[in-house]
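What follows is a single structure, written as structure tokens, with notes after it.
In our numbering, the protein residues as written are 73 to 333.
This is the structure:
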């Protein structure tokens, strides 16, 4: 167990509406990120709208800030929080971080070995053909600087996700609330896999149905990407012991309301 300042967690410089979901004794924490908040700033001007509103060290992949000593006599102490995964700024929900660099490396290893179970919720236009489906695709992922564009049906990158329908609504604008369990972690994977099956995620400004997005926003007043990181769970080894970690981010109310309108 690492030694942290008594007020480490209570004084985190959290961004707008960011909240701690859960944390463990080793320094692992899950935060609830609202839509529109960046996982980390790409430049100094982004800090005010990021997960933490302080400097981000891109090489170390951690937030860095200084806290004045309580008595004002000693030099300020440096604090760090290592980011373990990322969500697109438009995606809300659970995101992981660690208060120790070695712990961060251990958990990142779990991500690389695909030992992290993740569950997302999405509101989509249309109605899935089956209540549950296993999706297999090959993706072409092009990264240009900080911009990513993914397409399905070409390329050589395998992507797999399991889909389950939670609730649906028929009518002039059919909608479905679905849960998505990605078995692989590709950039924009869920958004592209949904779009390929004529189930574009509501509010998707890159792969979505732009006309339906405008009509949905006009009728409901909601202007966001309806993709939410719902649950994350895994086991990890640390200091000779096995530990289980699980976090759940409540589903935002706006995901359910349109299904009853």
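Every residue gets a Cβ at the ideal spot worked out from N, C-alpha and C, and that includes glycine. In this text, all values refer to a predicted model and were calculated from it rather than measured experimentally.
- Annotated three-state conformation of residue 129 is strand, per DSSP.
- Straight-line measurement puts the Cα of residue 78 at about 46 angstroms from the Cα of residue 285.
- Every beta strand (DSSP E) of 3 residues or more that sits fully in the segment 199-285 is shown, in chain order, as 204-216, 219-224, 229-241, 247-254.
- Taking a C-beta distance under 7 angstroms as the contact criterion, residue 299 and residue 204 do not qualify as a contact pair.
- Ranked by how close their Cα comes to the Cα of residue 171, the residues 319, 80, 158 have 80 in first place.
- DSSP links residue 195 through a beta bridge to 249.
- A direct Cα-to-Cα measurement between residue 235 and residue 262 gives close to 10 angstroms.
- Ranked by Cα distance from residue 255, the options 328, 85, 208 are led by 208.
- Rounded to whole angstroms, residue 196 and residue 121 show a C-alpha spacing of 27 angstroms.
- Cβ atoms of residue 248 and residue 264 stay farther apart than 8 angstroms, at about 17 angstroms.
- By DSSP's assignment, residue 306 forms a beta bridge with 317.
- Judged by their CB atoms, residue 318 and residue 166 are not nearer to each other than the 7 angstroms cut-off.
- Each of 104, 192, 83, 198 was checked against the Cα of residue 150, and the nearest Cα belongs to 83.
- Judged by DSSP secondary structure, residue 136 falls within the beta strand (DSSP E) whose first and last residues are 134-139.
- The beta carbon of residue 292 is closer than 8 angstroms to those of 326, 329, 330, 333 in its chain, skipping five residues each way along the sequence.
- Residue 98 is classed as buried because its beta carbon has at least 16 other beta carbons within 10 Å across all chains shown.
- Taking 8 angstroms as the upper bound for CB-CB distance, residue 169 and residue 154 are in contact here, some 6 angstroms apart.
- Separation of the CB atoms of residue 109 and residue 90 is rounded to 6 angstroms, and the pair is thereby assigned contact status at 8 angstroms.
- Nearest neighbour of residue 158 by Cα position, chosen from 279, 180, 148, turns out to be 180.
- For residue 177, the enclosing alpha helix (DSSP H) starts and ends at 173-184.
- Taking a C-beta distance under 7 angstroms as the contact criterion, residue 123 and residue 87 qualify as a contact pair.
- Nearest C-alpha to residue 114 among 296, 192, 160, 186: 160.
- Counting only residues of its own chain and dropping the five nearest sequence neighbours on each side, residue 233 has a CB closer than 6 angstroms to the CB of 207, 252, 254, 265.
- Rounded to the nearest angstrom, the gap between the Cα atoms of residue 193 and residue 240 is 13 angstroms.
- DSSP places residue 95 in the strand class (E or B) of the three-state scheme.
- The residue among 76, 309, 191 with its C-alpha nearest the C-alpha of residue 139 is 76.
- Annotation for residue 114: no beta strand (DSSP E) segment contains it, and DSSP assigns it neither H nor E.
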